[in-house]
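Chemist:
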Amino acid sequence: MNSFHRGDERHLSPLDAEQPPRKKIRKGTRSCWECKHRKVRCHFESDGDSSCKECISRGSTCRSQEEPEPENSRESDRSNLNERMSRVEILLEKVLHRLDGVHSPASSKQMPTLSTPEAATPANDNAPVLSLFQNELISSSQPTPRVDHDSLSFMNGRDMDRIRHDLLALVLPEKTIHQISQASSCWWLLRAQCFHNYEQSLLPIPYSQLSTSHPTLIATCLLWVAISLQQLPAECPIASLKLSYSPKQLIDHYMTTIGSLATCNEDMLHNLEGIEALILQAIIHNNDGKLRSSWASYRQAMNIAQIIGLHCSIPANKGLMQVTLKADLIWRHLIHADRYLSLMLGMHHGIGDVAFETRYSGEQLPSSVSMVALGRIAGSIIDRNQRFGEITPAMVRATQTIDASLGEIDLQSLDPQDTAHASQDRTIERAESYSKLMAHLWFHQLTAWLHLPFLLKSDIRDRYDYSRRCCLQASREMISCYTKIRDLTAGSFCCKSLDFQAFTAAVTLVLDMLGQSKNVYPSQSDLAAIEVVMTVLRHQKSSEFQDKVATRGAAALETLMGIVTHNFPEQFTSRKSVDPRQEQEHQIKIDIPYFGSFLLHRNAHNTVEELQSQTANDLSPPQNILPTPVENENTIEEHDATLLNLGPDAALWTFDVDLSTLPPFLSDFGDNWDLGL
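Right, here's the structure in full:
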């Protein structure tokens, strides 16, 4: 046996001699180390296969147990992982080194920052759970606020440069911007009202700093230019500005570009400058009559404002008083604008009344107490409208409560100076007069819209006559404020939503005229007020911006006043009347977006007796209506039936009014009114 082994060793090759001896396994057994470690049976397709099925499926090396056991694969993988981690650490150090170079003072001109202090945006301290631990034993310390808040940490430098380059391409020459800013001061009045900023320069930053400014600041400058273009007076020589597009086309181009580059990027909006850009975007939509788009922009700004903590009460900091004051003014403007548009659009307001509380402890802000009260009342009217779809005793009680709150507001504190001879200079006194006029207008609008559902019911019951008189008087005051605002701005103020408010006030007065009897003539002051609105709408429809709202509003008032003229021919000498006997249409339907619709029926074939009979049947009193506190009788007397007896000629026109808000998805509003789309 020994000689055999010695002879066998002589026949081994040098390579085989260096390898470890093969392990002896049971005869007929084929198994690999991988399957043994996994404790599974090793299967081969055929005897000639070198790898088992399990190793082939896993992509691992199939090593027979006859050979020595391989090294632990996990140990080798761990060593490879350590090598990869070391390479990642080296790369990360290089990246951090480059970022330190980017944020160094030498390169700060290329990568600007926004000045939004953490004190104004305490996003990490306003969580509800953290507020539970604010006591003497356990408290969360507030970090020291720093002035410069880096807003570029989430954006690539190349993307920022690209956005800045695209926005700078829209900037007009400095001389042109100066000419636009000097052509009108309405943009300055808007800035003073919204932000209490009385700077005379149109751009919030110097023109020379635009090329190195943050893209959000550039977008803000462009939006201010767009607002000033909207406010150009009709006599302004557009050709002297040497614009590449018409003012309206340039505004549309600005809005499209800024919307795709700046206001759609949340990383650029989470600061005061970003919220201001959204507010300016909403103002432009509101001036253009696109109320839904304006509401959406305001709601987006309100959501971001809450994300960065503008709704939270924070301690006063003298070093950051200016920025904190700006943050508070922005927050309150968002609340007022949201409720103003939500009331017109028939939507819920975005936040509760607690948001009107002062954001920081210490000295009170110079804000108007009356405006805060009006904001609360607007929210109450919105809640009433959303809760009640028809007149019920509960709705009457809610209306009386809101009306009492309106009566507590001191309007004398909001009386402006004489606007007929007001100076057109950019003075603080003129800005205060404008703000007071807008507050007056909002007060009377809230009064009118509070009592508007009861306007037509006043012809059925005496109890609603108070609401009728309040609604009509508020409509007259709205037109008066509208006229004063036009005088204060020299007739160059462009705001389609303001024109729409005056139009709805005029329609309210016309509706009352259509319901008057033959013996009750329309008031000359009401006719004069309606004529003022029609004159302004005619002027607006011929402006540079082709105001479709003014065009449709003027046409609707012309139609209604034509019918009023036919009902009361002795009151008019030159106006053309609408004779139902000569009209081909059997009815005239007028839809007013965000206001309602009414139908004028032609009853030329009906006799007066039939109309009176039909009217008497329609005057059946509604049930379950509680009396007002001023009524002492147990029963409510109905109006005299002659109140709606319009006479042989006037009775040929009857009207059916639905003052409920029309569905917002009606497509014909976009073609007819160009509102909100």
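Be aware that the sequence shown starts at 1, since it is given in full-length UniProt numbering, and climbs by one per residue.
Using N, Cα and C, we set each Cβ at its ideal position, and we do this for glycine too.
This one's a predicted model, so the numbers in the text were calculated from it and none came from an experiment.
(1) Thinking C-alpha only, which one of 261, 454, 291 is nearest residue 164?
(2) Take residue 497 as the anchor and find which of 548, 48, 177 has the nearest alpha-carbon.
(3) In chain order, what residues of the same chain have a beta carbon less than 7 Å from the beta carbon of residue 52, not counting five sequence neighbours either side?
(4) Taking 8 Å as the threshold (C-beta atoms), are residue 478 and residue 441 in contact?
(5) Using the three-state DSSP reduction, which class does residue 32 fall into: helix, strand or coil?
(6) Provide the residue(s) that pair with residue 56 in DSSP beta bridges, ordered along the chain.
(7) How far does the alpha helix (DSSP H) with residue 274 in it extend, from its first residue to its last?
(8) Assuming residue 446 and residue 485 make a contact with CB atoms under 8 Å, what is their CB distance in whole Å?
(9) Take residue 434 as the anchor and find which of 449, 450, 468, 488 has the nearest alpha-carbon.
(10) Tell me the rounded alpha-carbon separation between residue 678 and residue 83.
(11) Does DSSP classify residue 173 as helix, strand or coil?
(12) With a CB to CB cut of under 8 Å and the five nearest residues on each side skipped, what residues in its chain are close to residue 605?
(13) What's the gap between the Cα of residue 188 and the Cα of residue 391?
(14) Is it buried or exposed for residue 286, if we count other Cβ within 10 angstroms and need 16 for buried?
(15) When we look at the beta-carbon of residue 198 and count the other beta-carbons within 10 Å, is it buried (16 or more) or exposed?
(16) For residue 467, name the three-state secondary structure that DSSP assigns.
(17) Would you kindly work out how many angstroms separate the C-alpha atoms of residue 463 and residue 235, rounded to a whole number?
(18) Would you decide whether residue 404 is buried or exposed? Buried here means 16 or more other CB atoms lie within 10 Å of its CB.
(19) Rounded to a whole number of angstroms, what is the C-alpha to C-alpha distance between residue 590 and residue 288?
(20) Going by alpha carbons, who is nearest to residue 555 out of 328, 307, 541?
(21) Drop a sphere of 10 angstroms on the beta-carbon of residue 55, count the other beta-carbons inside from all chains shown, and report buried for 16 or more, exposed for fewer.
(22) Closest by CA to residue 170, which one among 444, 425, 538, 256?
(23) What number of angstroms, rounded off, separates the C-alpha of residue 377 from the C-alpha of residue 93?
(24) Tell me the DSSP secondary structure of residue 351 in three-state form.
(25) Have a look at residue 232 and residue 282 and give me their C-alpha separation to the nearest angstrom.
(26) Assuming residue 470 and residue 451 make a contact with CB atoms under 8 Å, what is their CB distance in whole Å?
(27) Return the bridge partner residues of residue 64 from the DSSP annotation.
(28) Using the three-state DSSP reduction, which class does residue 242 fall into: helix, strand or coil?
(29) Is it right to say residue 413 is buried, meaning 16 or more other beta carbons lie within 10 angstroms of its own, or is it exposed?
(30) Compare the C-beta of residue 272 with all C-beta atoms of chain C and state if any pair is closer than 8 Å.
(31) If contacts are defined as beta-carbon pairs under 8 Å, then residue 220 and residue 280 qualify, I think. What distance do you get, rounded to the angstrom?
(32) Skipping 5 residues on each side, what residues in its chain have a beta carbon closer than 7 Å to that of residue 370?
(33) Taking DSSP as the reference, what is the three-state secondary structure of residue 490?
(34) Go to residue 167, then tell me how far its alpha helix (DSSP H) extends in each direction, as first and last residue.
(35) Does DSSP put residue 308 in a helix, in a strand, or in coil?
(36) So residue 251 and residue 284 are in contact, right, with Cβ under 8 Å, and what is the actual spacing, rounded?
Modeler: Checking against the coordinates, here is how it stands:
(1) 261
(2) Per the Cα distances, 548.
(3) 32, 35, 42, 43, 44, 62
(4) yes
(5) The three-state secondary structure of residue 32, taken from DSSP, is strand.
(6) Residue 56 is not bridged to any residue.
(7) 272-287
(8) With a Cβ gap of about 17 Å, residue 446 and residue 485 do not count as contacting.
(9) 488
(10) This structure cannot speak to residue 678, because the chain is shown only from 1 to 677.
(11) coil
(12) For residue 605, the predicted model reports a pLDDT of 42, less than 50, meaning its position is unreliable; a value from the coordinates is still stated below. There are no such residues.
(13) 43 Å
(14) buried
(15) exposed
(16) DSSP places residue 467 in helix when its eight states are reduced to three.
(17) 51 Å
(18) exposed
(19) 22 Å
(20) 541
(21) Looking at its Cβ environment, which holds 16 or more other Cβ atoms inside 10 Å, residue 55 is buried.
(22) 256
(23) 59 Å
(24) coil
(25) 19 Å
(26) 5 Å
(27) 32
(28) coil
(29) With fewer than 16 other Cβ atoms within 10 Å, it is exposed.
(30) Of the chains in the structure shown, none is chain C; there is only one protein chain.
(31) 7 Å
(32) 409, 410, 413, 414, 439
(33) In the structure shown, residue 490 adopts coil according to DSSP, grouped into three states.
(34) 157-168
(35) coil
(36) 7 Å
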